[in-house]
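Everything in the sequence shown is counted per our numbering, starting at 13 for the first residue and increasing by one. Below: one structure, written as structure tokens.
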Amino acid sequence: VNVPYDQHLPWIFQGEEISIGLRGFSYGYDYYSPEKAACYHYYGRHNVPMFWENSSIYHGLGDYGMSRLNAIIRMATPSRNGKSKEWIRTDELKYGIGKVRNLQ
Numbered sequence: 013v014n015v016p017y018d019q020h021l022p023w024i025f026q027g028e029e030i031s032i033g034l035r036g037f038s039y040g041y042d043y044y045s046p047e048k049a050a051c052y053h054y055y056g057r058h059n060v061p062m063f064w065e066n067s068s069i070y071h072g073l074g075d076y077g078m079s080r081l082n083a084i085i086r087m088a089t090p091s092r093n094g095k096s097k098e099w100i101r102t103d104e105l106k107y108g109i110g111k112v113r114n115l116q
């Protein structure tokens with residue numbers, strides 16, 4: 013797989029698809045979409061555990077993941093109060109932007 017799932021995005025629920033999409037595009041992959049929806053997420057099931065149920069246990073990890081995601085896809089440089097913010101740089105090149113296409 014040329015564009016592996018970034019395992020260093022803790023507690024990212026909204027954003028991992030954008031990361032894979034942008035990174036895949038930058039590696040030269042083309043995307044196609046059907047005219048009508050072929051599948052979807054159904055969140056109306058009762059008595060089924062959901063991702064966000066344990067979010068209070070892992071408070072703050074989502075911030076680290078979102079900082080990494082934004083930095084990797086070059087959307088924003090993580091900062092807080094004008095100072096550079098720490099973000100997870102493990103395997104930065106492995107999960108980074110490709111060299112086939114520019115994101116601009």
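The beta carbon of each residue, even a glycine, is placed where N, CA and C say it ideally should be.
According to DSSP, K95 sits in a beta bridge with which residue or residues?
K95 pairs with R92.
Cβ pair count under 8 Å reaching 3, the stretch 38-46 against the stretch 91-103:
In this structure the stretch 38-46 does not lie against the stretch 91-103, because fewer than three pairs of beta carbons, one per stretch, are closer than 8 Å.
Simplified DSSP assignment, three categories, for M62:
Residue state, collapsed to three classes: coil.
With DSSP collapsed to three states, give me the class of E47.
Judged by DSSP in its simplified three-state form, E47 adopts coil rather than helix or strand.
Could you check where the alpha helix (DSSP H) with D77 kicks off and where it finishes?
Looking at the sequence shown, residue 77 is not Asp but Gly. It spans 73-84 - the alpha helix (DSSP H) in which G77 sits, taken as one unbroken run.
What does a CB cutoff of less than 8 Å around R113 pick up in its chain, not counting 5 residues either side in sequence?
Contacts found: F37, S38, Y39, G40.
Between L34, W23, I85, G56, which lies nearest to Y70 when the distance is taken from Cα to Cα?
Closest in C-alpha terms to Y70, from the list L34, W23, I85, G56, comes W23.
State the DSSP-derived secondary structure class of E29, mapped to helix, strand or coil.
Secondary structure at E29: helix, using DSSP grouped into helix, strand and coil.
For S67, does the three-state DSSP call read helix, strand or coil?
S67 sits in coil when the DSSP states are folded into three classes, being neither helix nor strand.
Is it true that the CB of S79 sits closer than 8 Å to the CB of W99?
Cβ distance < 8 Å, so W99 and S79 count as in contact.
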